[in-house]
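Notes for the one structure printed next.
Residue numbers (our numbering): 7 to 273.
Right under this line is the structure:
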């Protein structure tokens, strides 16, 4: 088995177990049984949102290398500007707070916790009798990826671990080098502005707060994981604070647009 498949298998297995546990604890056995009846109809009702997300993800996968070349040649070279704006903030974060325990936690959050965080809202939304939340979540995901891809193309910047290798340690790859086999397949080190890990995590956290009456147990879990992902992006030396701020703005904008595009009366 290749290193990529080994890491991917591990992520799928652990995230699958977490999804099962969360489904039982958050959604509940009764609601899960009731949701099975109308599952096909809800999926069909959300087909447009599903299609939009699939198209955006497909475009991201197929066009990544070409758009990366365009960004490098014609994109706004923003690395020096970002470094001048915030200096050694990420280096300070690592120098001040880095411990083996925190590194292990944030490394787990960045890979496993993040994947679980994005997957569970889809399952939880499918269990609801109305599809408005599901469609809004999917549209918000699509907006995050689409706008993020456009910004990655327009703005070329390297992360702090590449700019300040003597001050910022790539803690994720230093402690879990096998993860590089997975991340190298889905991203490049110049895709930093904005932080999509941040934007998608904050998107999930925002939806968890907005739907807290439906799933009150999920809200504290989602908010905690979302904030952990945000911190992890800087703690691990992957993103600048500037990337994170832009990611938060992208998340809030995507959620707002999703609510505008998808209205309850469409159910």
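Think of the CB as a built atom: it goes at the ideal place given N, C-alpha and C, for glycine as much as any other residue.
Residue nearest to residue i in terms of C-alpha spacing, selected from the options
i	options	result
residue 198	169, 136, 62	169
residue 127	244, 221, 256, 238	221
residue 243	214, 171, 185, 65	171
residue 144	210, 117, 132, 59	59
residue 207	232, 156, 160, 63	232
residue 202	21, 255, 17, 176	255
residue 27	179, 130, 182	130
residue 212	29, 25, 124	124
residue 73	163, 158, 10, 219	158
residue 260	210, 240, 69	210
residue 176	64, 151, 104	104
residue 160	23, 36, 83	83
residue 239	139, 46, 204	204
residue 65	151, 264, 166, 23	151
residue 87	241, 263, 52, 164	164
residue 55	147, 214, 216, 114	147
residue 173	89, 114, 76	89
residue 258	122, 215, 45	215
Residues bridged to residue i [DSSP beta-bridge criterion]
i	result
residue 306	Any question about residue 306 goes unanswered here, given that the chain covers just 7 to 273.
residue 161	82
Span of the alpha helix (DSSP H), counted from its first residue to its last, around residue i
i	result
residue 108	106 to 114
residue 207	202 to 216
residue 5	Because the chain in this structure spans residues 7 to 273, residue 5 falls outside the shown range and cannot be described.
residue 233	224 to 241
residue 102	95 to 103
Examine the Cβ distances between the segment 220 to 228 and the segment 99 to 116 and report whether three or more of them are shorter than 8 Å.
no
Quick one: any contact between the segment 238 to 250 and the segment 84 to 100, if contact means 3 or more CB pairs under 8 Å?
Judged by Cβ distances under 8 Å, the segment 238 to 250 makes contact with the segment 84 to 100, as three or more pairs qualify.
Secondary structure, alpha helix (DSSP H): runs of 4+ residues fully inside the segment 126 to 181:
138 to 160, 166 to 169, 177 to 181
Hey, is the segment 39 to 49 in contact with the segment 133 to 140, meaning 3+ C-beta pairs nearer than 8 Å?
yes
Does the segment 176 to 183 come close enough to the segment 81 to 93 that 3 or more CB-CB pairs lie under 8 Å?
no
Pick out the complete alpha helix (DSSP H) segments inside the segment 21 to 56, 4 residues or longer, and give them in chain order.
35 to 43, 45 to 51
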